[in-house]
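Visitor: Below is one structure. I have some questions about it.
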Amino acid sequence: MDGTALYEAVAAIYISQCVGLDLSLGQIILVSLTATLASIGAAGIPQAGIVTMIMVLIAIGLPSNLFILIFPVDFFLDRIRTTVNVHGDSIGAAVVGKLCEKYLKQGSAERNEQGYSMLSTHASPDPSKRISIGNHHYENSHML
Numbered sequence: 000m001d002g003t004a005l006y007e008a009v010a011a012i013y014i015s016q017c018v019g020l021d022l023s024l025g026q027i028i029l030v031s032l033t034a035t036l037a038s039i040g041a042a043g044i045p046q047a048g049i050v051t052m053i054m055v056l057i058a059i060g061l062p063s064n065l066f067i068l069i070f071p072v073d074f075f076l077d078r079i080r081t082t083v084n085v086h087g088d089s090i091g092a093a094v095v096g097k098l099c100e101k102y103l104k105q106g107s108a109e110r111n112e113q114g115y116s117m118l119s120t121h122a123s124p125d126p127s128k129r130i131s132i133g134n135h136h137y138e139n140s141h142m143l
């Protein structure tokens with residue numbers, strides 16, 4: 000999401016400058032806001048930025064066919080956007096993990112006290128918890 004928002008805002012300003020349109024402060028704020036909202040709602044698929052970029056261009060009053068100025072390099076920029084998005088999401092997950100570390104450990108300890116385990120390495124003595132499919136036998140114990 001971070002990479003897409005940055006890309007769309009910068010690309011819209013670049014396209015407007017290519018056609019000789021100077022954006023006012025209000026239009027730049029509108030571009031930033033529209034790009035951020037469009038990136039939140041964008042699908043996580045390759046080349047989804049094309050559709051959302053057209054939305055940003057229309058929001059500032061530019062024709063959608065001006066996207067052709069960016070299209071030749073969009074394939075490469077899409078890969079960079081994905082890298083920025085993954086990096087930003089990883090940092091967000093690390094920060095949340097660090098801030099909630101105490102609660103996560105407490106929750107794990109409570110689950111272990113109740114006998115739950117994410118990976119069960121012991122065979123279940125209870126035959127009702129065994130699943131057999133053909134010649135293969137599976138344990139169905141302590142799954143979350």
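Just so you know, the sequence shown maps onto residues 0 to 143 in numbering that gives the first Met the number 0. Don't be surprised by glycine CBs; every beta carbon is placed ideally from N, CA and C. No experiment lies behind these values; they were computed from the predicted model shown.
By Cβ distance, which residues of its chain are closer than 6 Å to cysteine 17, with the 5 residues on each side in sequence left out?
Guide: Hits under 6 Å: Leu68.
Visitor: Closer than 7 Å by C-beta to leucine 65: which residues in its own chain qualify, once you throw out the five before and the five after it? Chain order, please.
Guide: For leucine 65, where only same-chain residues beyond five positions count, the Cβ hits under 7 Å are Ile14, Val18, Leu56.
Visitor: Rounded to the nearest angstrom, how far is the Cβ of glycine 60 from that of threonine 3, given a contact under 8 Å?
Guide: No, glycine 60 and threonine 3 are not in contact; Cβ-Cβ is about 22 Å, not under 8 Å.
Visitor: Check proline 71 in the structure and name its three-state DSSP category.
Guide: Of the three classes helix, strand and coil, the one that applies to proline 71 here is helix, per DSSP.
Visitor: In chain order, what residues of the same chain lie with their CB nearer than 8 Å to the CB of isoleucine 12, ignoring the 5 residues before and after it?
Guide: Once the five neighbours on either side are set aside, the close Cβ partners of isoleucine 12 are Leu22, Ile27, Val30.
Visitor: Ordered along the chain, which non-local residues of its own chain (more than five positions away) have a Cβ less than 7 Å from that of aspartate 1?
Guide: Counting only Cβ-Cβ distances below 7 Å, and skipping sequence neighbours, we find Val83, Asn84, Gly87.
Visitor: Thinking C-alpha only, which one of Lys97, Gln46, Gly40 is nearest tyrosine 77?
Guide: Inspection of the sequence shows that residue 77 is occupied by aspartate rather than by tyrosine. Checking every option, the nearest Cα to that of aspartate 77 belongs to Gln46.
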